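See below for the structure under consideration.
There are 2 protein chains.
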Amino acid sequence: MILSRTSQYAIQALIYVTTRPRGEPVLNREIAEHLGVPAAYLAKIMQTLCRSHLLDSFRGRLGGFCLHENAEKTDLMQILLLTEGAGFTDTCLLGLKVCSDETACPMHSRWKPIKEKVVLLLKEQTLEKLALAVQSGKYRITDLPHAAMNPP
Amino acid sequence: MILSRTSQYAIQALIYVTTRPRGEPVLNREIAEHLGVPAAYLAKIMQTLCRSHLLDSFRGRLGGFCLHENAEKTDLMQILLLTEGAGFTDTCLLGLKVCSDETACPMHSRWKPIKEKVVLLLKEQTLEKLALAVQSGKYRITDLPHAAMNPP
DNA sequence: TTGATTCAGGACATGCTCATCCTTTACAAA
DNA sequence: TTTGTAAAGGATGAGCATGTCCTGAATCAA
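Residue numbers (this note's numbering), protein chains in the order written: chain A, 1307 to 1458; chain B, 1307 to 1458.
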């Protein structure tokens, strides 16, 4: 299961915003620098997240992005439906256009329960839970600094 | 989990060749027509499968592709390591370059067991088993004909 | 030897994702 | 009102996966 960079950036950015104090807009530049992702590209993603009402945006001085009302209850499945498109979880492993219980590829019966586990997992992980995990210090949403990745 | 078209075509073609009588070369054109995939593109994929010794190729009249000695014991994991590249199963859901038991993203601990299930599944599915499933008539590796997909 | 057939392989075209750049619009403080 | 700041949005480009085309090399039959 490999998500598009767009989805990965979206999830990372949303978690980061959720870790920040509610009501204080967070700058796109700050998010991009913190995550180590291209700011101009992230800006486009933030735009679509605003249009999907997961974020609110404010222009000008004191501007930035805030989590929309109750958006911390959003789960990963909802986010991925936006960024990957509907039906991203009911794809056939072999790429068949129609692969269902009635007429299937030879992997279908074993692949389906795994997909179901994935969907359950994505649905139970909310921004709130993920942000808490990051705030605990045990987990991270950014790459390690270069020094830690290339020890001398 | 979405595989590249290249991987999907490779798996489909290998299963198809496995369903055919051993020792009788199968034409690239025949495979492409049967699977409904572009012949020129498939030819490139068949080439790499030959270089990986999953197939043998023969030119000229009576030419075509045969399954290499014992290649019917090949499992999907081995095929995907060739087509998707090594390490395609140990990627982080959020895209982190380093995400291990020691230092991880907040999804790691729940994502890892799912990845392990996927790997086990891919390793137990051999071309032989998949070809038998297709030959039984219960499963298919090609798209339904248009009529069946767009009923009147 | 010639011709037909089939794979090998390079060059090229296309489409999508990822990414950048620049101008416009909105907003707040001075 | 002016100035600085930040998001909105359009245009454009880079890179890779996908797909096409054409020529060459191998093989077999006539």
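C-beta: ideal position from N, C-alpha, C; glycine also.
Here the structure is a predicted model, which is why all the values come from computation and not from measurement.
- Within the region 1405-1419 of chain A, the residues whose Cβ lies closer than 8 Å to any Cβ of chain B are, in chain order, Thr1409, Ala1410, Cys1411, Pro1412, Met1413, His1414, Arg1416 and Trp1417.
- Boundaries of the alpha helix (DSSP H) harbouring Cys1356 (chain B): Ala1345 to Arg1357, taken from the DSSP string.
- For chain A, the residues of the region 1308-1339 of chain B that bring a beta carbon within less than 7 Å of one of its beta carbons are Ile1308, Leu1309, Arg1311, Gln1314, Ile1317 and Gln1318, in chain order.
- In its chain, beyond the 5 residues on either side, Asp1362, Ser1363 and Phe1371 have a beta carbon closer than 8 Å to the beta carbon of Cys1356 (chain A).
- Identification of chain A residues near Thr1397 (chain B) by a Cβ-Cβ cut-off of 8 Å yields Ile1308, ordered along the chain.
- Interface annotation for the region 1433-1452 of chain B against chain A: Leu1436, Ala1439, Val1440, Tyr1445, Arg1446, Ile1447, Asp1449 and Leu1450, criterion Cβ-Cβ distance under 7 Å.
- When DSSP states are grouped into helix, strand and coil, Val1404 (chain B) belongs to the coil group.
- Below the 9 Å Cβ cutoff, chain A contributes no neighbours of Lys1429 (chain B), its closest Cβ being approximately 12 Å away.
- Judged by DSSP in its simplified three-state form, Thr1389 (chain A) adopts helix.
- In terms of Cβ geometry, Leu1382 (chain B) and Ile1337 (chain B) do not form a close pair [threshold 8 Å].
- Across the structure, Asn1334 (chain A) and Ala1349 (chain B) are spaced so that their CA atoms are roughly 46 Å apart.
- Below 8 Å, too few C-beta pairs join the region 1425-1435 of chain B and the region 1435-1452 of chain A to call them touching: fewer than three.
- The Cβ of Leu1400 (chain A) sits closer than 8 Å to at least one Cβ of chain B.
- Non-local beta-carbon contacts of Thr1324 (chain B) in its own chain, meaning distances under 7 Å to residues more than five positions away in sequence, involve Leu1373, Glu1378, Leu1433, Glu1434 and Ala1437 in chain order.
- 8 Å or more divides the Cβ of Asp1449 (chain A) from the Cβ of Leu1320 (chain B).
- Among the residues facing chain B, Val1425 (chain A) is not included, as its CB has no counterpart in that chain under 8 Å away.
- Under the 8 Å criterion on CB atoms, Lys1403 (chain B) is classed as interfacial with respect to chain A.
- Here Leu1373 (chain B) carries a strand assignment [DSSP, helix/strand/coil].
- Scanning its chain for C-beta atoms nearer than 8 Å, with the 5 sequence neighbours on each side dropped, one finds around Ser1313 (chain B) the residues Ile1385, Leu1386, Thr1389 and Glu1390, in chain order.
- Under the 10 Å beta carbon count, Ala1392 (chain A) is surrounded by fewer than 16 other beta carbons and is classified as exposed.
- Contact between Ala1345 (chain A) and Pro1412 (chain B) does not hold, since their C-beta atoms are separated by about 23 Å, which reaches or exceeds 8 Å.
- Here Leu1399 (chain A) is near Leu1309 (chain B), since their CB atoms are less than 8 Å apart.
- Counting along the chain, Ser1415 (chain B) sits inside the alpha helix (DSSP H) bounded by residues His1414 to Glu1430.
- As a beta-bridge residue in DSSP terms, Ser1363 (chain A) pairs with A:Phe1371.
- With a contact defined as Cβ atoms closer than 8 Å, Val1424 (chain B) and Thr1397 (chain B) miss out at about 12 Å.
- Closest in C-alpha terms to Arg1365 (chain A), from the list A:Thr1354, A:Val1332 and A:Asn1376, comes A:Val1332.
- A distance below 8 Å separates the beta carbons of Ile1420 (chain A) and Ile1420 (chain B).
- One alpha carbon belongs to Glu1408 (chain A), the other to Trp1417 (chain A), and they sit about 15 Å apart.
- Listed in chain order, the non-local C-beta contacts of His1414 (chain B) below 6 Å within the same chain comprise Cys1405, local neighbours out to five positions each way being set aside.
- Take the alpha-carbon of Glu1422 (chain A) and the one of Glu1330 (chain A): they are about 37 Å apart.
- Residue A:Arg1311 holds the alpha-carbon nearest to the alpha-carbon of Val1343 (chain A) among A:Pro1327, A:Thr1380, A:Arg1311 and A:Leu1428.
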